[in-house]
Amino acid sequence: MLSTVTSQYLAKRLSQCLFVVLFSTVSVSNAAELPDFTEIVQESAAAVVKISTVSKPTASRTPDLQDNQEIPEMFRRFFDQQPRQRRGQGLGSGFFISEDGYLLTNNHVVDGADEISVIMQDRREFVAEVIGTDERSDLALLKVAASGLPTVKMGKSEDLDVGEWVLAIGSPFGLDYSVAAGIVSAKGRSLPTEKGENYVPFIQTDVAINPGNSGGPLFNMDGEVVGINSQIYTRSGGSIGLSFAIPVSTALNVIDQLKRDGQVVRGWLGVGIQDINRDLAESFGLSKPAGALVSQVVEDGPAEQGGIQVGDVILEFDGQEIGESADLPHIVGRTAPDKRVSVLVFRDGKRKTLRMKTGSLDDGVSNVASRNQDERKANGGRLGLVVLDLSDAQKARLKLEGGVVVRSVVPGSSASEGGLRSGDVITSIDNKATDTLEDFDSIVEGLPANKHVAVRIVRGGQPGFVAIKVSE
C-alpha cells in the first residue's frame, strides 16, 4: 500500500503530465490553424519582378521619403523618389499578367522615367516599354520583349472579406522578393489624390509593406492576385501597419482599356458632393446620415441635363446604394460614358428617380506611349508633344475658353527637358493663344529654332509658365 506522501507525489506528477499534454494539444491545434504561405510563394514568386528606373535631371525637386521632416503626416506613396537636381533613380515592384511580356505596376513607379528595367527572380533582366498609364488609378501597363514568362492568377477583389489573410511579395528598400503577410483591415477606403479625385475604393491591410513594394501584387489564400500595393500611411517613411492596395477589379478594367484603346475613359456626372452628418440628415428629413449631398452642379453637365439639383441627396446610382459621398465617384467612374442610368435622389422630403446619360471624364491624364520610339518622336513634332483639343466638359471643369491637353511627352525631347507632363493643359506658346489643336500646330510650325519660348500651362488647376527650347 502506498504512503500518503507517495500518493500525493504521484497525483501531482500526473496533473503536471496532463497539463503538458493539454498544452501541447492546444499548441499543435493553434499551429494547425495558422495559414501556410509557402505554396503561394513557390507558385507565384517567379512572376513578380523588381523594377528599376532612371530619369534625367530636371529643375524641379520631388521630396525624398527619407527627408520626412519636410513632409506632413499624410498618405504617402511609397516609391522612393529622388531629388531631380541629379539623375534620378527609383525602385518598385510589378508582376507579369501574360506570357508574352505584359506586366502591371503603379503609375508613380514609372512616371517621368527615361529608362525602365525589369529584373526577374531568376536574374533575367529586360528593358520595359510603357504601353499606357492611368494617373487616376495609379496604374501602368508595361511590356518586355520576351515570351513564355511566368504569370500570376487574377482573383476577384469583390470576394475579399475583412479579416481575411493576404500576402504581399515585392522588393522593399531593394530587398528582392520579400514576403509579408497580414489581414484585410477594411474595404472601399477613399484616399483622395492631390487633385481631390477619388476613383479607387482601396483595400486596407496591415501587411508590412515599405518603399519598393509599390506596384507589387497582393495575394489571397488561393494564390490569386486581389490587389496592387500602392500607398501607405506613415510617420516615418516605413510601415506602421496601414497599407492600401488597388482592387484587382479596378485594375482589370484599366488594363483592358489601355490594351485596347491606349487610354482610360471614365463616366462623369458633373456634380460637387459632400458627406451628410446627423444634423444635415435631420434638416433634410432623412432617417439617417447616408448618401451624397449635391453641393454644386456643373453647367450643361450630365447631372444638370438629367435634372439633378443642388440640395439633392443621391441615394442610389445605377441601382447601387450610395452609403457615403465617397461611394459615388467610385461607382460613376466605373460606369461607361454615354450609358443611360437611373439615379435615386431625396428631394423635399421625398424620393425621386431621375433618368440620365453619363458623360465622359477625360482630361488627358490617361496617356499612351507608342510601342516604337521612332514613331513617338515622329508624332511628337518639334516640341516632342502629342496633344489633343480640350473637350467642352474639360473646359467647363477647368473654366477655360480653350487650350490643348498633353497626351504624351517624348522622352529626351524639348518638352521633356522643359518639364512638361502628360495632363498639362497648354493655353499659350510664345504669348500666342493655343485655343485649339489647329492653333497649336500653326504656332509650333512658325517658332524660331534653337530659341527658348514661354509656354503657359495649367497643371492641377494652377496656371504657370515653363520655358522650352525649340528644336530644328
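Just so it is clear: in the sequence shown, position 203 is 204 by the working numbering, and no numbers are missing. Glycine residues also receive a C-beta, built at the ideal position from the N, C-alpha and C atoms. Values in this document were obtained by computation on a predicted structure and should not be read as measured data.
Asked, Found
"Take Gly292 and list the residues in its own chain whose beta-carbon comes closer than 7 Å to its own, dropping the five residues that flank it on each side.", "Ile277, Val314, Ile315, Leu316, Ile323 and Phe347"
"If we ignore side chains and look at the alpha-carbon of each, how far apart do Leu270 and Phe203 end up?", "21 Å"
"Would Thr475 pass as a contact of Leu143 if the rule is Cβ separation under 8 Å?", "One cannot answer for residue 475 here, as it falls past the ends of the chain, which runs 2 to 473."
"According to the Cβ coordinates, are Lys433 and Ile444 closer than 8 Å?", "yes"
"Go through its chain and collect everything with a Cβ distance to Val333's Cβ below 6 Å, but skip five positions before and after it.", "Gly268 and Leu270"
"If I measure Cβ to Cβ from Asp436 and keep anything under 6 Å in the same chain, skipping five residues before and after, which residues do I get?", "Gly403"
"First and last residue of the beta strand (DSSP E) that includes Ser409?", "Val405 to Val410"
"Can you tell me whether Asp135 is buried or exposed? The criterion is at least 16 other CB atoms within 10 Å of its CB, across all chains shown.", "buried"
"With DSSP as the reference, please indicate the residues paired to Lys144 in a beta bridge.", "Tyr103 and Glu130"
"What residue range does the beta strand (DSSP E) around Ala282 cover?", "Element bounds for Ala282: not the beta strand (DSSP E) but the alpha helix (DSSP H), Arg279 to Phe285."
"Counting Cβ pairs closer than 8 Å, one from the segment 32-52 and one from the segment 162-182, do we hit at least three?", "yes"
"Please identify the residue among Val111, Val208 and Asp390 whose C-alpha is closest to the C-alpha of Trp166.", "Val208"
"DSSP puts Arg348 in a beta bridge; with which residues?", "Lys351"
"If we ignore side chains and look at the alpha-carbon of each, how far apart do Leu384 and Ser414 end up?", "6 Å"
"Considering only residues of the segment 438-467, which uninterrupted alpha helix (DSSP H) runs meet the minimum length of 4 residues and lie entirely inside it, listed in chain order?", "438-446"
"Ignore the nearest five residues each way along the sequence and tell me which others in Ser429's own chain have a CB closer than 7 Å to its CB.", "Thr435 and Arg457"
"Kindly say whether Ser99, judged by its beta-carbon, lies nearer than 8 Å to any beta-carbon of chain D.", "Protein chain content of the structure displayed is limited to a single chain, and chain D is not contained in it."
"How far does the beta strand (DSSP E) with Leu399 in it reach, from first residue to last?", "Element bounds for Leu399: not the beta strand (DSSP E) but the alpha helix (DSSP H), Asp393 to Leu399."
"How is the beta strand (DSSP E) around Leu267 delimited, first residue to last?", "Before going on, a small fix: residue 267 reads as Arg here, not Leu. Arg267 to Trp269 is the extent of the beta strand (DSSP E) around Arg267."
"Quick one: is Phe466 buried, meaning 16 or more other Cβ sit within 10 Å of its Cβ, or exposed?", "exposed"
"DSSP on Thr428, reduced to helix/strand/coil?", "strand"
"So, for Ala182: in the same chain, excluding its five sequence neighbours on each side, which residues have a beta-carbon less than 8 Å away from its beta-carbon?", "Pro36, Phe38, Trp166, Val167, Leu168, Ala169 and Val208"
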